[in-house]
Amino acid sequence: MTDLNLDQVQTRLNELFVTYGERKLIFWYDPDKEFEEDIDNDAIKLDNAKIYKLDPKSQFKTKRLFEIEDTKNNYLIYSPFNAMDENDENNHLLSILKYSTQFKADKISIIMTQLNIPVELHDAVKRYSKFFEAKSRIVALEKIAIAGINTEQELEFALMAVLTKAKTNQFYSIVQALFVDYSEGSTELYEQLKKYNLQESFWKYISVYYGYLAETPTIQKLVIAFFANGFYGQLDQQELPVSLKEYEVLNQTTAIVSFMDEMMNDIRYVGAFNKLSHEIYKLINGEQLLNEISVDELLKVDIFEAVHNRIIMYVIGQLLSGDKTPSVGNIQLFEIVKDRQRAHFGEKYKHQYAALLSAQKLLWRELNINSQKFTEIVKVYEDSAYKSDRDYRNFIWNYKKITEKKSFAELQLMVEKKYKAFLDEVIQLWNDNFEINERTSILDFYDHFIRNKQKTVVIISDALRYEVAKELQAEFQDEKKLQTEMKSLFSVLPSVTEFGKAALLRGGNEKCEYIDGIDVRIDGEKTQGTIARDKILKKKNPNSLAITYSDVVAKTSAKELRDIFNGQEVIYLYHDQIDKVGDHGQEMQVFDATQRAVTEIKEVLKFIYNGANVYRFIITSDHGFIYTDGKVSEYEKIENPSVLSTDRVERRFIISEEKYDELGIESIELGKVLRNDDKRHVYFPKTSAIFKKAGGGQRYVHGGSSPQELIVPALEVNVMRGSSQKEPVDVKLMTSRRRINGLAITLEFYQTEKISDSISKAAYSVYFEDANGNLITNKTSYYADSKAEASSERFTKFTFDFINRSYEINEKVYLILKDLDTNVEKERVEFSVDNPFAGVFGFDI
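All the letters of the sequence shown, read from the start, carry residue numbers 27 to 871 under this note's numbering.
Given below as structure tokens:
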């Protein structure tokens with residue numbers, strides 16, 4: 027017997043007798059007699075046919091059997107010799123041969139049986155017989171064509187997918203693989219297609235699916251064609267400029283735009299896409315092409331990175347020209363920033379866009395305080411004017427993240443000038459009308475917010491000024507489990523750490539007094555350090571604790587955390603990020619520290635309420651600060667009037683027993699601030715100016731009287747009971763195309779994080795419905811439960827089959843993700859029907 031598997035031969039024969047006609051006569055010529063022994067020994071069993079061994083000397087007997095004696099049964103006619111020529115006068119079976127078929131027990135046939143490929147594709151499979159010479163390729167083909175091969179197109183797609191190492195046997199996936207290969211400076215995968223005689227089929231399908239034709243096509247030309255047509259397709263221009271005419275495609279621009287969207291939005295291919303984008307931009311002289319297109323048209327385009335620079339420079343020009351509400355076309359800057367940050371390459375330019383938006387807000391905003399009442403001044407600051415501090419901070423923080431700052435240099439100077447003018451105006455107005463008792467002092471913090479209240483963690487973040495706490499509050503408000511209320515307090519003068527932290531400890535009739543240096547005491551007790559503060563708290567309530575942020579986050583388990591917090595009613599948690607950086611030679615990184623402070627406070631609050639079952643928090647501070655990034659000019663400095671060696675002289679305040687009456691400064695008795703009989707004076711500039719003093723630290727300052735320094739937050743955060751459960755994992759639709767052009771669509775989803783201690787599984791029902799809420803596809807269950815570290819292992823594809831009915835052109839249909847547990851709709855994504863269809867045909871995205 028031959029080396030071929032007899033079972034496979036038998037399976038193939040049985041399949042043939044099921045496939046062909048009503049009555050089937052199949053000739054099997056085996057001149058090498060490889061299977062004769064099996065035939066003679068009845069080793070081959072057929073379900074629906076008899077086996078007849080042909081004798082060349084008994085043709086008439088055979089003819090009589092099949093045409094007269096038995097005209098109903100199927101027969102396998104085994105011939106252990108070659109077929110006779112049709113022109114041979116001795117070929118008396120010619121009439122039977124004309125209505126019969128032949129079986130070949132060759133390797134191709136056996137492989138087709140193994141892969142369940144229909145017999146009609148025998149010639150197509152044979153055409154690519156070289157492919158099937160390696161077992162590894164056959165195994166790979168079997169894996170990638172898991173849904174079966176039933177047409178010549180499906181066969182060729184599967185072969186190409188194996189040779190290009192594509193993720194799927196869809197044609198777009200094959201093209202993606204070739205693009206990735208080319209991005210790495212190689213065309214090896216395309217050479218594989220040529221080696222196995224598939225290049226002509228590849229270019230045929232490129233023409234069919236993407237409309238690209240070329241006399242001498244290459245992968246480089248194909249990549250150029252895709253980027254060129256994709257770019258102008260995003261502009262809604264079907265015609266390419268003269269310089270790119272050879273790359274113009276026929277009526278398939280939409281397909282190319284969809285392909286490019288898919289590739290740029292898939293984390294597995296985005297690196298290759300970006301490399302190709304930069305290369306092709308240079309090859310087609312992209313800069314010249316961009317200059318010929320209006321900026322408002324470019325808002326839709328994100329295939330080339332340079333588009334972002336063009337838009338950014340245009341907006342900068344508008345701002346520098348004095349336009350306080352810049353726009354492109356009819357689109358305002360806010361919408362531009364939102365859309366462009368989401369666009370491809372937008373992440374790289376997020377700081378530029380954010381800086382533009384912050385600059386516009388700051389430059390546009392006016393103080394608009396028409397009252398001399400201090401109450402009104404404070405209210406305006408807390409309601410709106412604080413946003414100028416926020417916008418300046420955000421501008422500077424983003425500006426410093428920009429690698430190429432040259433294009434922003436003029437705008438930065440403009441912002442700096444505007445902010446300094448704002449500071450001087452608001453601080454002058456503040457101090458001209460200053461009343462120390464207008465707001466509750468932090469000296470009364472304990473009595474107002476802590477005494478006789480439920481268990482509370484007070485997070486005291488050094489130098490967390492009011493506008494930063496407002497940002498923190500906005501982020502907390504996005505958390506459904508958290509309820510917030512913002513109140514404000516006045517810090518003490520001087521607005522520095524030792525005074526502010528001491529004041530926050532005071533309660534009842536306890537005396538707060540300043541000794542000297544940094545020694546501020548409560549009822550005679552020193553207030554420096556956690557141990558001293560813990561002692562003062564315990565005098566008011568023995569179930570109190572003072573602890574540092576670093577000590578809390580050092581705990582690695584909820585049990586360790588509970589061991590600390592259990593039995594405590596008042597917890598003062600000291601956090602130092604902003605002041606630590608600003609006061610210790612790193613003042614120009616203070617806005618970085620501010621960002622870290624916000625993140626750390628959010629995380630430690632969540633850590634505590636999840637681990638220690640604490641549900642009430644107060645976030646406050648000892649003082650605020652002023653920061654300007656530009657160099658402090660001499661005119662912004664005040665001569666130091668101090669004449670006593672005992673005076674304490676700092677950038678924003680002087681403490682002295684002496685009476686100084688200098689231009690540009692104000693003073694208040696220290697005793698009036700601390701509520702004692704201390705007759706020393708606290709002197710402070712009336713504007714944002716600083717006292718001349720040797721040493722650094724001129725940009726980040728505090729200690730004086732300004733809303734930025736004196737208004738401190740009292741942000742109360744309450745956690746809803748029973749809300750410490752884990753967050754369900756998020757899922758994202760990765761397929762970017764939102765057009766449907768057939769009765770089946772395959773979509774890819776991505777689980778954004780692995781399942782962990784803080785992230786729980788999620789389950790969704792996924793399906794399509796029409797505008798009337800009617801189900802129009804199958805429902806599939808999506809279980810987002812992957813624990814895989816690698817993001818590439820958290821992708822899932824689902825195919826949706828649409829009901830075979832007529833659809834309106836551009837009809838809106840909706841992909842629905844509904845939580846299986848709560849039956850609540852998580853997401854609704856709008857798709858459009860590309861063209862009316864009714865019938866069965868497939869497509870891929």
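Where is the CB? At the ideal position from N, CA and C, for every residue including glycine.
Model, not experiment: these values are computed from the prediction.
In the structure shown, the three-state DSSP call for Arg532 is coil.
Put simply, the backbone Cα of Thr127 is about 20 Å away from that of Glu62. When the beta-carbon positions are compared, Leu204 and Leu215 come within less than 8 Å of each other. The beta strand (DSSP E) runs of length 3 or more contained entirely in the stretch 612–656 are, from start to end of the chain, 642–646. Under the three-state reduction of DSSP output, Met339 falls in the helix class. Inclusion of Ser762 and Asp33 in the CB contact set at 8 Å is not warranted, their separation being larger than that value. DSSP, read as helix, strand or coil, puts Leu801 in strand. If you look at Met286, you'll find it in the alpha helix (DSSP H) that goes 279–290. Using a Cβ distance threshold of 8 Å, Tyr575 and Val494 do not count as a contacting pair. Bridge partners of Lys513 according to DSSP: Ala740. Non-local beta-carbon contacts of His118 in its own chain, meaning distances under 7 Å to residues more than five positions away in sequence, involve Gln85, Phe86, Lys89 in chain order. By a beta-carbon distance limit of 8 Å, Tyr222 does not contact Lys133. Their separation comes to about 16 Å. For Ser521 against Gly650, the beta-carbon gap comes to about 7 Å, under 8 Å, which counts as contact. Three or more pairs of CB atoms, one per stretch, sit closer than 8 Å, so the stretch 325–344 contacts the stretch 425–434. For Val275, there is no enclosing alpha helix (DSSP H), since its DSSP letter is neither H nor E. Taking 8 Å as the cut-off, the Cβ atoms of Gly637 and Ala584 count as close.
When rounded, the separation of the alpha-carbon atoms in Thr806 and Ala75 is 43 Å. Residue pairing of Pro711 in beta bridges, as defined by DSSP: Ile691. Comparing alpha-carbon positions, the option among Val249, Glu318, Val452 lying closest to Gln734 turns out to be Val452.
Taking Lys566 as the centre and dropping the five residues before and after it, the same chain places the C-beta of Gly533 closer than 6 Å to its C-beta, in chain order.
Pairwise C-beta distances place the stretch 69–83 in contact with the stretch 93–100, as three or more of them are shorter than 8 Å. Sequence-distant Cβ neighbours of Asn420 in its own chain, meaning closer than 7 Å and more than five residues away, are Ala380, Ser384. The beta carbons of Tyr295 and Val404 sit no closer together than 8 Å. Taken atom to atom, the span from the alpha-carbon of Asn666 to that of Leu345 is near 39 Å.
Look at the stretch 552–612 and you find these whole runs of alpha helix (DSSP H), each 4 residues long or longer: 556–566, 575–579, 584–591, 604–608.
Comparing alpha-carbon positions, the option among Thr242, Gln263, Leu270, Tyr231 lying closest to Ile250 turns out to be Leu270. Sorting Lys787, Val640, Tyr840, Arg588 by C-alpha distance to the C-alpha of Asp847 places Lys787 at the top. Around the beta carbon of Arg559, a 10 Å sphere encloses 16 or more other beta carbons of the protein chains shown; the residue is thus reported as buried. Counted as a single uninterrupted DSSP element, the stretch harbouring Asp504 is not any alpha helix (DSSP H), since DSSP gives it neither H nor E. For Ser121, no beta strand (DSSP E) segment is defined; the enclosing uninterrupted segment is the alpha helix (DSSP H) at 120–124. Excluding the 5 residues flanking it on each side, Ala715 has same chain C-beta neighbours closer than 6 Å at Glu662, Ile664, in chain order. Taking the C-beta atoms as reference points, Glu442 is found no nearer than 8 Å to Thr713. The criterion of a C-beta distance shorter than 8 Å is not satisfied by Ile541 and Thr553. In the DSSP assignment, no residue is bridged to Tyr235. Distance check between Asn311 and each of Ala332, Arg725, Val321 places Ala332 closest, using alpha-carbon atoms only. Contact annotation: Lys426 and Leu389 have beta-carbon atoms that are not nearer than 8 Å.
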